Every structure is written in C-alpha cells, then in structure tokens.
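One point on numbering: in our numbering, the residue at position 164 of the sequence shown is 169, and numbering is uninterrupted.
Following: one structure in structure tokens, then a few remarks.
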Amino acid sequence: MHKYFQPVIISLILINGLIIVSETYFAGNSVLLTLDLIIVWIFALEVILKLVGYGLKGYFSDRWNIFDFIIVVASLIFYATPFVSILRLIRVLRLIRLIPAIPALRKIIDSLMKSLPALTGILGLSFLIFSIYAIIGTTFFSEVLPYEFFGSFHTALFTLLQVVTFESWASQVARPIINEVPWAWAYFVSFIIIGALVILNLVVAVILSYLGQDDEHEREKKMERLLRENQEVKRDIQEIKQILLDSHHKTNDLEQENNLKQ
C-alpha cells in the first residue's frame with residue numbers, strides 16, 4: 006500500500022466521527038448524510054483494494070480486516086433500509102476502525118485480547134471476593150440505613166463495585182454505615198485493600214506483562230530481519246567478489262594468450 010494510504014483512511018475515520026457528532030446537533034441534515042455516504046463508499050473502495058492486494062486468504066486472515074468488512078458491508082446494506090437506529094449503531098462502530106489503523110492502539114487491544122485467559126482466573130477470584138463481602142454485608146448491614154446499599158445480594162454487589170471504584174464510597178456508603186455499626190470501618194478498609202489495591206493491580210500487571218511480551222516479540226522479529234538482511238548483504242558481497250575474481254582470471258588468461266601469440 007502507498008505510504009499515504011493509511012493516513013488518509015485515518016483522516017476519513019476522524020472526519021466520519023465529526024459528522025456523527027455534528028448530526029447530534031443537526032439531525033437529518035442532507036449535507037451530512039451525503040458526506041457520510043461518500044465516506045462509506047470510500048471505505049468500500051478501501052476494502053476492495055485490500056482484497057485485490059492481499060487476496061481473499063491474506064485479507065481474511067486478519068481479524069481486524071474481517072471486522073472492517075462486516076462494518077462496511079452492513080453500512081451499505083442498512084443505508085437502503087428504514088432501520089435508522091441500527092444504522093446509527095453501525096456508524097458509531099465505524100469509529101472502532103481507528104484501532105487497527107493506528108499501530109499503538111492495535112498493539113494495546115491485541116495485548117488485552119491475549120491476556121484474557123490469564124485475566125479469567127483473576128476475574129473469577131474477584132467475583133469470589135465480591136460474593137464473600139456481599140454476603141457479609143447483607144448479613145450485618147441489611148437493616149442499617151440506607152437499606153438500598155446492602156438490602157440484597159445483588160444490591161450489595163453493586164455497592165461494592167461503587168466502593169472499589171472509589172465513587173463517593175466514603176461519604177455516601179461507608180460513613181453512614183459506620184455511624185450505625187462502628188466496626189464496619191474494618192469491613193470497608195479490608196475490602197478496599199483486597200479489591201482495589203491488590204486485585205486491580207493484578208489486572209494491570211497481567212496486561213502490562215503481555216504488552217512487554219509483545220515488545221520483546223517485536224524486538225526479536227526486528228533482530229531476525231536485520232540478521233537476514235545482513236546475511237543477504239554478505240551473500241551479495243561474496244557474489245560480487247566471485248564475479249570480480251572470475252573477471253580477473255579471464256583477464257589474466259587473455260593476457261597469457263596474447264603473449265603466446267606474440
């Protein structure tokens with residue numbers, strides 16, 4: 006692909022995003038709708054060019070290309086239908102195409118996807134801890150005002166989610182309960198330490214480790230490419246030496262023949 010191809014596509018995706026935002030202020034504007042349709046056809050042309058360039062197997066071997074293909078085809082199909090809400094959703098999903106277009110974003114998402122198996126165990130542990138604390142909360146605080154915080158298991162889980170994300174947990178949740186049950190501070194502090202400081206840091210550590218692995222993999226690939234290029238250069242130099250040597254031998258042979266004739 007041409008060096009300006011990807012920057013142009015990124016620019017079009019950003020322009021498409023601006024059009025979508027503008028339509029929240031100017032709904033049904035014909036100019037914006039026309040511009041949006043033009044951009045969709047340009048995206049369709051991009052898909053066709055990539056299919057021609059990479060071939061079917063090469064194009065569909067990349068999951069991001071599959072995503073692009075589905076979004077573009079769906080956009081063209083739903084433009085001809087009355088399903089406006091679905092069309093709007095698809096148009097918003099088009100902005101996700103920025104991820105494969107920008108290498109840094111693609112790298113983060115790829116690392117996140119690779120870390121999912123490792124994160125499954127941590128998420129399971131998190132749910133277990135949340136469940137234990139939710140049961141403790143409903144056991145001891147269900148009769149404490151305000152009732153909606155620990156009145157049932159599912160409301161307790163939601164309250165703990167508020168606590169672990171530090172969303173007004175002290176003023177709205179912890180202090181009112183501590184005023185009624187003084188020892189409740191130990192409940193909230195221990196949950197903050199385990200839930201926020203330990204579990205969330207484990208999640209971050211796992212994701213960062215996969216990002217580091219990708220960096221190492223990229224370095225290894227770069228080194229392999231450099232070694233391969235170095236070997237090719239050495240081989241070319243050796244071939245040039247051999248050609249020069251053969252030329253020198255031929256020159257000497259010709260000189261000897263000329264001397265014999267004389």
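Heads up, the beta-carbon is just placed ideally off N, CA and C, and yes, glycines get one too.
Predicted, not measured: the structure shown is a model, and the values here were computed from it.
- Excluding its 5 nearest sequence neighbours in each direction, GLY142 has C-beta neighbours in its own chain below 6 Å: PHE155, ALA161, listed in chain order.
- For TRP190, the uninterrupted alpha helix (DSSP H) segment begins and ends at 189–196.
- CA-to-CA, the gap between ILE20 and MET118 works out to about 28 Å.
- A residue is called buried when at least 16 other Cβ atoms come within 10 angstroms of its Cβ; TYR9 does not meet this threshold and is exposed.
- In this structure, the beta-carbon distance from VAL57 to VAL77 does not fall below 7 Å.
- In terms of Cβ geometry, VAL186 and ILE127 do not form a close pair [threshold 7 Å].
- Note that the stretch 134–141 does not touch the stretch 103–121; fewer than 3 beta-carbon pairs, one per stretch, sit closer than 8 Å.
- Exposed is the label assigned to GLY217, since fewer than 16 other Cβ atoms lie within 10 Å of its Cβ.
- When secondary structure is reduced to three states using DSSP, PHE163 falls in the helix class.
- Sequence-distant partners of TRP69 (beyond 5 residues in either direction) whose C-beta falls short of 6 Å from its own C-beta, in its chain, are PRO105.
- With fewer than 16 other CB atoms across the displayed protein chains lying within 10 angstroms of its CB, PHE31 is exposed.
- Here ILE107 carries a coil assignment [DSSP, helix/strand/coil].
- The alpha-carbon separation between TRP174 and LEU121 amounts to approximately 29 Å.
- Of the candidates LEU38, THR39, ARG96, SER35, ARG96 places its Cα closest to the Cα of ILE18.
- Distance from the CA atom of VAL149 to the CA atom of ILE140, rounded to whole angstroms, is 15 Å.
- DSSP places PHE145 inside the alpha helix (DSSP H), whose first and last residues are 121–146.
- Look at TYR9 here: in three-state DSSP terms it is coil, with no helix or strand label.
- Taken atom to atom, the span from the alpha-carbon of ILE101 to that of LEU205 is near 26 Å.
- Between ALA179 and PHE163, the C-beta gap is not smaller than 7 Å, which leaves the two residues out of contact.
- The C-beta of ARG99 has 16 or more other C-beta atoms within 10 Å across all chains shown, which makes the residue buried.
- If you draw a straight line from the Cα of LEU37 to the Cα of TYR84, it is about 14 Å long.
- When secondary structure is reduced to three states using DSSP, LEU98 falls in the helix class.
- Taking 8 Å as the upper bound for CB-CB distance, ILE182 and ALA189 are in contact here, some 5 Å apart.
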